[in-house]
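Count the sequence shown with the working numbering and you get residues 11 to 357, in order.
Cβ coordinates follow ideal geometry from the N, Cα and C atoms, glycine included.
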Amino acid sequence: MTLLEEPSTSTTRHFWSLTRLYVKSSPILSKCLSQKDRSLGGFKIFTTISVFIFLSLQFIYAETQDSLHNIIESDDILLPSEEGLQPDTSTPDSAFLARSADSSWWIRKIENLAFGLNEYLEYSINYGMLPAGNAKMFIPELIEYNGVKCYRVVSIASSNDFVSMFYKVRDTIETYIDVDGIFTHYFHKLLQEGGYKANKTTIFNQRLHLAITGKDTIPTYPFVQDALSSLYYIRTQKIEPGVDIMIDNHTDGKNYPLKVIVHGRERVKVPAGEFDCIVVEPVMRYEGIFKAKGAIRIWLTDDEFKVPVKMQTEVFFLGSIIAKLKKFERGILLEELKISDEDASKE
Numbered sequence: 011m012t013l014l015e016e017p018s019t020s021t022t023r024h025f026w027s028l029t030r031l032y033v034k035s036s037p038i039l040s041k042c043l044s045q046k047d048r049s050l051g052g053f054k055i056f057t058t059i060s061v062f063i064f065l066s067l068q069f070i071y072a073e074t075q076d077s078l079h080n081i082i083e084s085d086d087i088l089l090p091s092e093e094g095l096q097p098d099t100s101t102p103d104s105a106f107l108a109r110s111a112d113s114s115w116w117i118r119k120i121e122n123l124a125f126g127l128n129e130y131l132e133y134s135i136n137y138g139m140l141p142a143g144n145a146k147m148f149i150p151e152l153i154e155y156n157g158v159k160c161y162r163v164v165s166i167a168s169s170n171d172f173v174s175m176f177y178k179v180r181d182t183i184e185t186y187i188d189v190d191g192i193f194t195h196y197f198h199k200l201l202q203e204g205g206y207k208a209n210k211t212t213i214f215n216q217r218l219h220l221a222i223t224g225k226d227t228i229p230t231y232p233f234v235q236d237a238l239s240s241l242y243y244i245r246t247q248k249i250e251p252g253v254d255i256m257i258d259n260h261t262d263g264k265n266y267p268l269k270v271i272v273h274g275r276e277r278v279k280v281p282a283g284e285f286d287c288i289v290v291e292p293v294m295r296y297e298g299i300f301k302a303k304g305a306i307r308i309w310l311t312d313d314e315f316k317v318p319v320k321m322q323t324e325v326f327f328l329g330s331i332i333a334k335l336k337k338f339e340r341g342i343l344l345e346e347l348k349i350s351d352e353d354a355s356k357e
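Here is the structure:
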């Protein structure tokens with residue numbers, strides 16, 4: 011398989027489409043990218059990055075052909091706020107599932123001061139110096155799904171007119187996030203990427219720890235997140251430099267334990283304004299071995315809202331893909347909604 015062959019998962023199609031666009035205009039680059047050995051720092055990567063735009067908002071995950079020799083360990087791991095240890099495997103064992111299904115593992119309460127109803131985020135996307143498109147994330151409503159109150163979160167990404175002449179992208183991602191526990195119950199993606207189309211739904215049974223996609227039922231962990239809900243979960247957490255966060259993520263029929271490295275603080279300027287931020291970097295983890303270093307960095311506002319104002323990934327040979335916040339409308343927090351409802355009932 012050469013580097014320019016179609017990737018094995020649809021989540022990387024956005025990257026490959028624009029890569030082809032650059033390659034067509036550069037014979038030298040085309041020759042370089044056709045090499046079979048495309049190792050980066052000793053890691054042979056056959057599934058590349060999934061970037062914020064075109065932007066299913068799925069975090070980096072890279073798979074390797076060879077096992078890494080060094081297991082990266084850290085004493086400063088911040089686990090999801092629930093007592094107990096989760097097994098470090100890609101598929102939970104039956105004993106663990108039986109124990110947790112009969113307990114209160116599927117119920118938790120997380121304080122959320124970060125986002126709420128009617129929050130709206132809009133981004134401009136550049137691929138190197140080339141304006142590539144726009145993306146937006148918003149919370150249009152609170153819904154009840156299978157008897158549970160959820161935030162309905164929607165992400166829409168589209169290529170601009172110029173890029174659409176070569177490769178039209180119209181992607182919509184949707185997730186239902188538990189209002190109390192901030193974990194996913196439902197995930198849907200509707201993708202149109204050039205000639206490729208996909209319409210896939212995953213239902214998460216958090217009580218039984220199952221992810222159901224079509225005819226496939228995959229065991230998962232308690233409070234598992236999808237690609238989009240992971241970002242919203244991170245926003246609710248206490249974030250401090252040097253203290254990493256672990257998240258159990260399920261995407262495309264696979265469980266991906268996700269380590270979020272918390273770097274330092276920076277002040278950044280984007281179209282929406284200038285913000286004090288804290289920088290995080292997601293890295294996929296599998297069976298105790300970190301397969302590849304994450305190539306994406308996210309700048310979150312260093313306040314209670316933790317708004318993602320900038321996302322950037324370095325692309326081999328091709329420079330950076332950068333998403334910058336250009337519009338932000340604060341949402342109504344759940345507690346504010348409750349107070350509003352109480353005031354209305356008194357009148």
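How many whole angstroms separate the CB atoms of residue i and residue j, which I take to be in contact at a CB cut-off of 8 Å?
i: Y186; j: R162; result: 6 Å
i: K316; j: I249; result: 7 Å
i: R275; j: D312; result: 6 Å
i: L268; j: P292; result: 6 Å
i: P281; j: S134; result: 6 Å
i: D254; j: V270; result: 6 Å
i: Y177; j: G204; result: 5 Å
i: I183; j: L123; result: Wrong, their Cβ atoms sit about 24 Å apart, outside the cutoff.
i: G341; j: N128; result: 5 Å
Residue range of the beta strand (DSSP E) that residue i falls in?
i: P155; result: Reading off the sequence shown, one finds Tyr at residue 155, where the question assumed Pro. That run of the beta strand (DSSP E) goes 140 to 155.
i: V234; result: Neither: V234 is in no beta strand (DSSP E) and is coded neither H nor E.
i: E276; result: 264 to 280
i: F197; result: 194 to 203
i: A358; result: A query on residue 358 cannot be resolved here, the shown segment of the chain reaching from 11 to 357 and no further.
i: V179; result: 179 to 188
i: H219; result: Counting along the chain, H219 falls outside any beta strand (DSSP E), and DSSP gives it neither H nor E.
i: E308; result: Strictly speaking, residue 308 in this sequence is Ile, with Glu absent from that position. Start and end: 306 to 311.
i: F338; result: 329 to 339
i: L131; result: 130 to 137
i: I255; result: 254 to 261
Please classify residue i: is it buried, with 16 or more other beta-carbons within 10 angstroms of its beta-carbon, or exposed?
i: R245; result: buried
i: N265; result: buried
i: Y206; result: exposed
i: D226; result: exposed
i: M147; result: buried
i: A333; result: buried
i: P251; result: exposed
i: G224; result: exposed
i: P150; result: exposed
i: T338; result: Here residue 338 is Phe; the residue named in the question, Thr, does not match the sequence. By the neighbour-count rule (16 or more Cβ atoms within 10 Å), F338 is buried.
i: E345; result: exposed
What are the boundary residues of the alpha helix (DSSP H) that residue i is part of?
i: R245; result: 239 to 246
i: F172; result: 171 to 176
Starting from the C-beta of residue i, find all residues in its chain whose C-beta is less than 6 Å away, skip the five residues before and the five after it, and write them out in chain order.
i: S330; result: Q322, E324
i: D286; result: R277, D312
i: T211; result: H198
i: Q5; result: Coverage of the chain is limited to positions 11 through 357, which leaves residue 5 absent and any answer about it impossible.
i: Y243; result: I192, Q235
i: L200; result: T182, N209
i: P318; result: I308, L310
i: I364; result: Residue 364 lies beyond the stretch modelled for the chain, which goes from 11 to 357, so this question has no answer here.
Does the distance between the C-beta of residue i and the nearest non-hydrogen atom of the ligand ADP fall short of 6 Å?
i: L344; result: Inclusion of the ligand ADP in the displayed structure is not the case, the ligand content being empty and no account of it being possible.
Apart from the five residues just before and just after residue i, which ones in its own chain have a Cβ nearer than 7 Å to its Cβ?
i: S240; result: F69, I257, N259, L268
i: I213; result: Y196, I222
i: E314; result: L123, A124
i: D188; result: V158, C160, H195
Considering only residues of the same chain and omitting the five flanking positions on each side of residue i, which have a CB-CB separation below 8 Å?
i: N170; result: P141, A142, G143, N144
i: H273; result: P251, I288, V289, V290, E291, R307
i: P37; result: Below a pLDDT of 50, predicted positions are generally treated as unreliable, and P37, at 41, falls in that range; the measurement from the model is reported next regardless. Result list for P37: empty, nothing under 8 Å.
i: K336; result: E132, Y133, S134, V280, P281, A282
- Query: Taking contact to mean at least 3 C-beta pairs separated by less than 8 Å, is the region 146 to 166 in contact with the region 217 to 233?
  - Reply: no
- Given 8 Å, three or more beta-carbon pairs between the region 189 to 202 and the region 225 to 234: Using a C-beta cut-off of 8 Å, the region 189 to 202 makes contact with the region 225 to 234, since at least three inter-stretch Cβ pairs fall below that distance.
- Stretch pair the region 136 to 145 + the region 154 to 161: three plus CB contacts closer than 8 Å: no
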